[in-house]
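In our numbering, the protein residues as written are 1 to 343. Notes follow the structure.
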Ligand code: SAM
Ligand code: SF4
Ligand code: FES
């Protein structure tokens, strides 16, 4: 029965909640699911892989998400923040390697004023590349100011659509505000990326199905999801589980339901499986986000343990990922990689 559902999704790009749950619970059809997602990726997105270089410019955060190593209550982490001109320099180097798109990501760090961010964004936009921001929850006015400075995209994972679970895991944060942020970003004309964490404590398959339907409902332009990886320095340190295959299944279902959205093979997937990004690229993904932060900052952006590339340089990552993509017969795109709506 689930094979028939996968065939239906491949053609119609629709599944209801019960159908999603049925596929998520059935481990006997994983290979068929991954192959179907790969075919849909090929049909709608082609063989090009978009590289987005990620600059992790501050690990200082005012929030206290229970799962994250950057949470403010974690005293076992050396904090850093890069100055605006250092961030701009990293972006210039990325362009030198060949990146057409960069992502600026940080903890929720109030040090960076709207004027500072406007300066950073507008300076990087002079390099004719696409800029994605991933800075957490802000006001409509702030998002508007960044957009007017040239930001193209914004990445804000809903993390989970289960309000209670979200508010339990993110003390002080309000689920409705996260949704408000995503609405504001759409309204302002950003390409909107969201996603979830797969394998959170007390998360159910039913709630993961809701997450997938939420991405479809808001017609997300990018869906970056990944396995929850417990961090020793957080209250969730004991929730050990291997969430790799379930993340891959969620990602494949996302590709079936949102055939023309950008879907990254995430760093967290490769951190759990040394071939994780290639497996993801062969199961529906069409984007990779290599780290272009330099030096010891790579180690210090310690969201979860086992993060890949912490001892490598941006140049090594560029060569490594280009080699991996070529090894599966795919090519690195020379375009900015905006979503092209097909349906
Ligand atoms: N502060 C911004 C935010 O929360 O949207 C951006 C930075 S935050 C470190 C980026 C993402 O890291 C979050 O959206 C979350 O899904 C992910 N993350 C945090 N802790 C994680 C963990 N233990 N395992 C896997 N991913 C994690
Ligand atoms: Fe801060 Fe983002 Fe980590 Fe939450 S997930 S603690 S907002 S960096
Ligand atoms: Fe960083 Fe492979 S992408 S070393």
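A virtual CB, placed ideally from N, CA and C, is assigned to each residue, including glycine.
Nearest neighbour of residue 248, chosen from 277, 149, 132, 239 [CA to CA]:
Within the chain shown, numbered from 1, the residue matching residue 248 stands at position 248. It is 277.
When burial is assigned at 16 or more other CB atoms within 10 Å of the CB, is residue 316 buried or exposed?
Position 316 of the chain shown holds residue 316. Burial call: exposed.
Can the beta-carbon of residue 124 be found closer than 8 Å to that of residue 145?
Taking the chain shown and counting its residues from 1, the one referred to as residue 124 is at position 124. Taking the chain shown and counting its residues from 1, the one referred to as residue 145 is at position 145. Using a Cβ distance threshold of 8 Å, residue 124 and residue 145 do not count as a contacting pair.
Check the C-beta distance from residue 17 over to residue 209 and give it rounded, since I have them as a contact under 8 Å.
As a working note, residue 17 is residue 17 in the chain shown. As a working note, residue 209 is residue 209 in the chain shown. Indeed they touch by this definition, with Cβ atoms about 5 Å apart.
Measuring CB to CB, does residue 336 end up less than 8 Å from residue 54?
Residue numbering aside, residue 336 sits at position 336 when the chain shown is read from its first letter. Residue numbering aside, residue 54 sits at position 54 when the chain shown is read from its first letter. Result no, Cβ atoms of residue 336 and residue 54 do not sit closer than 8 Å.
Between 179, 22, 282, which has its C-alpha nearest residue 140's C-alpha?
Here residue 140 refers to the residue found at position 140 when the chain shown is read from its first residue. For the residues 179, 22, 282, the minimum Cα distance to residue 140 belongs to 179.
Here's the rule: buried if 16 or more other CB atoms are within 10 angstroms of the residue's CB, otherwise exposed. What is residue 204?
As a working note, residue 204 is residue 204 in the chain shown. Residue 204 comes out exposed.
Check whether the Cβ of residue 105 lies closer than 7 Å to any heavy atom of the ligand FES, and answer yes or no.
Residue numbering aside, residue 105 sits at position 105 when the chain shown is read from its first letter. Residue 105: no, Cβ never under 7 Å from the ligand FES.
How would you call residue 421, buried or exposed, if buried means at least 16 neighbouring beta carbons within 10 angstroms?
Examination of residue 421 is not possible in this model, given that the chain is present from 1 through 343 alone.
By alpha-carbon positions, which one of 302, 312, 94, 102 ends up nearest to residue 80?
In the chain shown, residue 80 corresponds to position 80, counting from 1. Nearest C-alpha to residue 80: 302.
Would DSSP call residue 175 helix, strand or coil?
For the purposes of this step, residue 175 is taken as the residue at position 175 of the chain shown. It is helical.
Any idea what DSSP makes of residue 408, helix, strand or coil?
Given a span of 1 to 343 for the chain in the structure shown, any question on residue 408 remains unanswerable.
Quick one: give me the first and last residue of the beta strand (DSSP E) that residue 105 is part of.
For this step, residue 105 is matched to residue 105 along the chain shown. 101–106 is the extent of the beta strand (DSSP E) around residue 105.
For residue 263, collect the residues of the same chain with a Cβ closer than 8 Å to its Cβ; drop the 5 residues on either side in sequence, then sort them by chain order.
Translated into the one-based positions of the chain shown, residue 263 becomes position 263. Excluding positions up to five away in sequence, the list reads 41, 222, 223, 224, 251, 254, 255, 284, 285, 286, 287.
In angstroms, rounded to a whole number, what distance separates the CA positions of residue 171 and residue 65?
For this step, residue 171 is matched to residue 171 along the chain shown. For this step, residue 65 is matched to residue 65 along the chain shown. Across the structure, residue 171 and residue 65 are spaced so that their CA atoms are roughly 7 Å apart.
Every unbroken alpha helix (DSSP H) within the stretch 203–256, with a cutoff of 4 residues, ordered by chain
205–217
In terms of residues, what are the limits of the beta strand (DSSP E) holding residue 130?
For the purposes of this step, residue 130 is taken as residue 130 along the chain shown, with counting starting at 1. Looking at the DSSP string, the run of the beta strand (DSSP E) that includes residue 130 is 130–134.
Whose C-alpha, out of 341, 314, 340, 304, is nearest the C-alpha of residue 95?
To locate residue 95, count along the chain shown from 1; it is residue 95. When each option's Cα is compared against that of residue 95, the closest is 314.
Since residue 195 contacts residue 153 with CB under 8 Å, what's their CB separation in whole angstroms?
The residue labelled residue 195 in the question sits at position 195 within the chain shown. The residue labelled residue 153 in the question sits at position 153 within the chain shown. Not a contact, Cβ separation roughly 13 Å.
Endpoints, the alpha helix (DSSP H) within which residue 154 is located
Counting from 1 along the chain shown, the entry for residue 154 is found at position 154. First-last for residue 154: 153–155, but that is the beta strand (DSSP E), not the alpha helix (DSSP H).
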